[in-house]
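Numbering (the working numbering), first residue to last: 1 to 341.
C-beta atoms are modelled at their ideal positions from N, C-alpha and C, and glycine is treated no differently.
Given the structure is predicted, the values throughout are model-derived calculations rather than measurements.
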């Protein structure tokens, strides 16, 4: 029932709210080095940063897919300025940037393997590059013929193939790669491209409960549905989106920087006084991943989603508060004081 104040559960007013979410999908120039050995070992090197978002795992997954190698034989090196440069880990750009560079390096390796496997006197002579793929450490044809990687390397008379790739998003300036090596990140995407816009999308639904006497606010349930291009890793994607929604609850109900106007000092400068959601505040959080194919966004077809989960949460909470109480709150965080009177 959309009528204000129409739902109650004992002393609690119950409100439902929803909001849409949209966040620009950007990428930045990035470099990566990939090495494949004759025994199927893969080493990826990229100067990106694993800050808990899962980019190290996803980079390995991209190589596993493109080279037909199991994840147990792939190592990923990151977080060192001696490695090929990568952009900052922020703005939801890491996955799109790193995966595109790793994919480019892997595809260069694929090209060399296919040329060798289908060459004169090679295991798959005459097959043609367009009919070849890599699966389970073999070069395979669409007709079912195959050649082990070790045999292809033997034909090439090398023990390993190493490729260094540089990725620059469509629309990048001529100086984009030189800026990368100077430690500068040039973002491209969102509404900045001349011929297209690139975004990830979502919708969030929230249930709030407000005590009719104390005006205490609780959020027992939140559901988010998100379309963010190709999902490289379902587990890490769900985790990031769930974290984003919890972050949004903090924005809606807890977080504010308080300043002592007399002395120009922060009052809540540590986690003792700056309130953030804890486990007791968060109940049921559900994430729905909506399939989306977007071949225009970048070569890998992936979109960043680290911040998408946060975008619509506060608005959905505010709408649910209105549904429960009839009070339209437009300043955050929503506090008990806002609901009294």
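Suppose the cutoff is 6 Å on Cβ atoms and the five residues either side in sequence are ignored; what does the same chain contact list for residue i look like?
| i | result |
| --- | --- |
| residue 185 | 28, 87 and 88 |
| residue 7 | 14 |
| residue 258 | 267 and 268 |
| residue 150 | 38 |
| residue 100 | 167, 298, 299 and 300 |
| residue 260 | 267 |
| residue 33 | 45, 84 and 164 |
| residue 155 | 116 and 122 |
| residue 288 | 225 |
| residue 108 | 163 |
Can you tell me whether residue i is buried or exposed, with buried defined as 16 or more other CB within 10 angstroms of its CB?
| i | result |
| --- | --- |
| residue 232 | buried |
| residue 209 | buried |
| residue 236 | buried |
| residue 169 | buried |
| residue 240 | buried |
| residue 125 | exposed |
| residue 23 | buried |
| residue 312 | buried |
| residue 71 | exposed |
| residue 45 | buried |
| residue 75 | exposed |
| residue 389 | Summary: the structure shown does not reach residue 389, with the chain confined to residues 1 through 341, and so no result is reported for it. |
| residue 323 | buried |
| residue 283 | exposed |
| residue 271 | exposed |
| residue 147 | buried |
| residue 142 | exposed |
| residue 194 | exposed |
| residue 306 | buried |
| residue 2 | exposed |
| residue 191 | exposed |
| residue 319 | buried |
| residue 248 | buried |
| residue 97 | buried |
| residue 234 | exposed |
| residue 264 | exposed |
| residue 54 | buried |
| residue 110 | buried |
| residue 60 | buried |
| residue 250 | buried |
| residue 330 | exposed |
| residue 276 | exposed |
For my contact list, residue i and residue j are in at a C-beta cut-off of 8 Å; report their separation, rounded to the angstrom.
| i | j | result |
| --- | --- | --- |
| residue 310 | residue 244 | 4 Å |
| residue 21 | residue 165 | Going by Cβ atoms, the distance from residue 21 to residue 165 rounds to 33 Å, so no, they are not a contact pair. |
| residue 178 | residue 296 | Going by Cβ atoms, the distance from residue 178 to residue 296 rounds to 26 Å, so no, they are not a contact pair. |
| residue 139 | residue 152 | 6 Å |
| residue 135 | residue 40 | Actually they do not touch by this definition, with Cβ atoms about 12 Å apart. |
| residue 116 | residue 132 | At roughly 11 Å, the Cβ-Cβ gap does not stay under 8 Å, so residue 116 and residue 132 are not in contact. |
| residue 66 | residue 106 | 4 Å |
| residue 294 | residue 223 | Not confirmed; about 23 Å, so no contact. |
| residue 11 | residue 212 | 5 Å |
| residue 346 | residue 201 | As displayed, the chain neither begins before 1 nor continues past 341, which places residue 346 out of reach and without an answer. |
| residue 253 | residue 217 | 6 Å |
| residue 302 | residue 95 | 5 Å |
What does DSSP give as the partner residues of residue i in its beta bridges?
| i | result |
| --- | --- |
| residue 211 | 12 |
| residue 198 | 190 |
| residue 204 | 19 and 224 |
| residue 286 | 223 |
| residue 342 | The structure shown has nothing for residue 342, since the chain only spans 1 to 341. |
| residue 302 | 229 |
Going by beta carbon distance, what residues of the same chain come within less than 8 Å of residue i, once the five residues before and after it are set aside?
| i | result |
| --- | --- |
| residue 79 | 47, 48, 49 and 50 |
| residue 183 | 85 |
| residue 214 | 336 |
| residue 274 | 255, 257 and 268 |
| residue 159 | 37, 38 and 153 |
| residue 171 | 188, 192, 193 and 194 |
Considering only residues of the same chain and omitting the five flanking positions on each side of residue i, which have a CB-CB separation below 7 Å?
| i | result |
| --- | --- |
| residue 93 | 26, 27, 28, 87, 187 and 304 |
| residue 112 | 161 |
| residue 73 | 40, 41 and 42 |
| residue 291 | none |
| residue 326 | 4 and 5 |
| residue 189 | 24, 25, 26, 27, 169 and 198 |
| residue 316 | 17, 18, 19, 204, 205 and 206 |
| residue 91 | 26 and 187 |
| residue 137 | 40, 68, 69, 148 and 149 |
| residue 64 | 70, 71 and 74 |
| residue 339 | 210, 215, 325 and 327 |
With respect to 7 Å, is the separation between the Cβ of residue i and the closest non-hydrogen atom of the ligand GTP below this value?
| i | result |
| --- | --- |
| residue 264 | Among the components modelled here there is no ligand, and therefore nothing to report on the ligand GTP. |
Checklist entry - Which runs of the beta strand (DSSP E) fall wholly inside the segment 5-66 and span at least 3 residues, in chain order? => result Counting only runs of 3 or more, we get 12-24, 30-37 and 42-45.
Checklist entry - In chain order, which continuous runs of the beta strand (DSSP E) of length 3 or greater are located wholly inside the segment 124-167? => result The qualifying runs are 132-135, 138-141, 146-148 and 160-167.
Checklist entry - Quick one: complete beta strand (DSSP E) runs, 3+ long, within the segment 216-280? => result Counting whole runs of 3 or more residues, the segment 216-280 contains the beta strand (DSSP E) stretches 217-227.
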